[in-house]
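Set out below in structure tokens:
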């Protein structure tokens, strides 16, 4: 399967630093953008991941970077096997959480560093969705945007979007860290576009607004140039209160 990829990771308009990070097949991305096309063979491993360091906790930028580095190591060392993908990914989440929590304890952090993790993994002929937290993965098909992940949060009634929800699951952050996974091989077909993003996008723009922007920028011929940049800019125009990370992956024949 050939995949056209656009990715961007930006600090937004309010935050002084960027706690988001992306992994494009193991290539780390922060405060940058990337466009590329990859041809994923059936016997290969490729992944697109977004990790968002937890606001209000210490060293969120370190948590997201460590998490993506450790996931890269797990895949490179074949610690995640085809027949036991779900169990192996979950064990990876527990191991990374243990590492982050121990590092936080050693550094005397009162609010242990932690992060979300979501994305899609092409793994030896199958496609998996993985998720921990409230960063999101969507599928865009036939002009319709559908959320594939479920936010692992509890929301308050009022207040700023960032202050009105709490994570029930994450990597680190003093928790065990459970990575949920789902075989979505049958749910992804040629022509689908996968959107993976942090809540810096989805707290600023509704699903309907994102869907409208995708309909403007995606045709049968492919994605408009710098479509992720446009999504990021719209999120910033709406307030840009948080870091904004976006990956678009157009699955082609």
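Numbering (our numbering), first residue to last: 48 to 300. The C-beta atom is built at its ideal place from N, Cα and C for all residues, glycine as well. Just so we're clear, the structure is a prediction, and the values are computed from it rather than from any experiment.
Locate the beta strand (DSSP E) running through residue 121, then write down its first and last residues.
Within the chain shown, numbered from 1, the residue matching residue 121 stands at position 74. That residue, residue 121, is in no beta strand (DSSP E); its alpha helix (DSSP H) goes 107-123.
C-beta contact flag for residue 105 and residue 157 at 9 Å:
Here residue 105 corresponds to residue number 58 of the chain shown, with the count starting at 1. Here residue 157 corresponds to residue number 110 of the chain shown, with the count starting at 1. For residue 105 and residue 157, yes; Cβs fall inside 9 Å.
Of the listed residues 290, 135 and 297, nearest to residue 63 (C-alpha basis):
Looking up residue 63 in the chain shown gives position 16. If we check each option's Cα against that of residue 63, 290 comes out closest.
Which class does residue 142 belong to by DSSP, given the choice of helix, strand or coil?
Here the question's residue 142 lines up with position 95 in the chain shown. Helix at residue 142.
Could you give the residue range of the beta strand (DSSP E) that holds residue 200?
One-based indexing of the chain shown puts residue 200 at position 153. Its beta strand (DSSP E) spans residues 200-202.
Would residue 94 and residue 132 qualify as a contact pair, given that the criterion is a beta-carbon distance under 9 Å?
Translated into the one-based positions of the chain shown, residue 94 becomes position 47. Translated into the one-based positions of the chain shown, residue 132 becomes position 85. In this structure, residue 94 lies away from residue 132, with their beta-carbon atoms at least 9 Å apart.
Which residue from 141, 101 and 130 puts its Cα closest to that of residue 118?
As a working mapping, residue 118 is identified with position 71 in the chain shown. Checked all of 141, 101 and 130; the closest Cα to residue 118 is 141.
Contiguous alpha helix (DSSP H) assignments of at least 4 residues, all confined to the segment 200-274
246-249 and 254-264
Under the three-state DSSP convention, the category residue 56 falls into
As a working mapping, residue 56 is identified with position 9 in the chain shown. Strand, per DSSP.
Using only alpha-carbon positions, find the residue among 82, 111, 194 and 92 that is nearest to residue 98.
One-based indexing of the chain shown puts residue 98 at position 51. Here the closest residue by C-alpha is 111.
With H, G and I counted as helix, E and B as strand and the rest as coil, what does DSSP make of residue 34?
The requested residue 34 does not occur in the structure, where the chain is confined to residues 48 to 300.
Whose C-beta lies closer than 6 Å to the C-beta of residue 2 among residues of the same chain, with five residues either side of it excluded?
Nothing can be reported for residue 2, as the shown portion of the chain is limited to 48 through 300.
With respect to the beta strand (DSSP E) encompassing residue 166, which residues constitute its N-terminal and C-terminal limits?
Counting from one through the chain shown, the residue named residue 166 turns up at place 119. Run containing residue 166: 164-170, per the beta strand (DSSP E) assignment.
Sequence-distant residues of the same chain with beta carbon closer than 6 Å to residue 205, five excluded per side
In the chain shown, residue 205 corresponds to position 158, counting from 1. Confidence is the limiting factor: at residue 205 the pLDDT is only 49, short of 50, which leaves the residue's position unreliable and the question unanswerable from this model.
Would residue 226 and residue 177 qualify as a contact pair, given that the criterion is a beta-carbon distance under 9 Å?
As a first step, residue 226 must be located in the chain shown, where it is residue number 179. As a first step, residue 177 must be located in the chain shown, where it is residue number 130. Yes, the Cβ-Cβ distance between residue 226 and residue 177 is below 9 Å.
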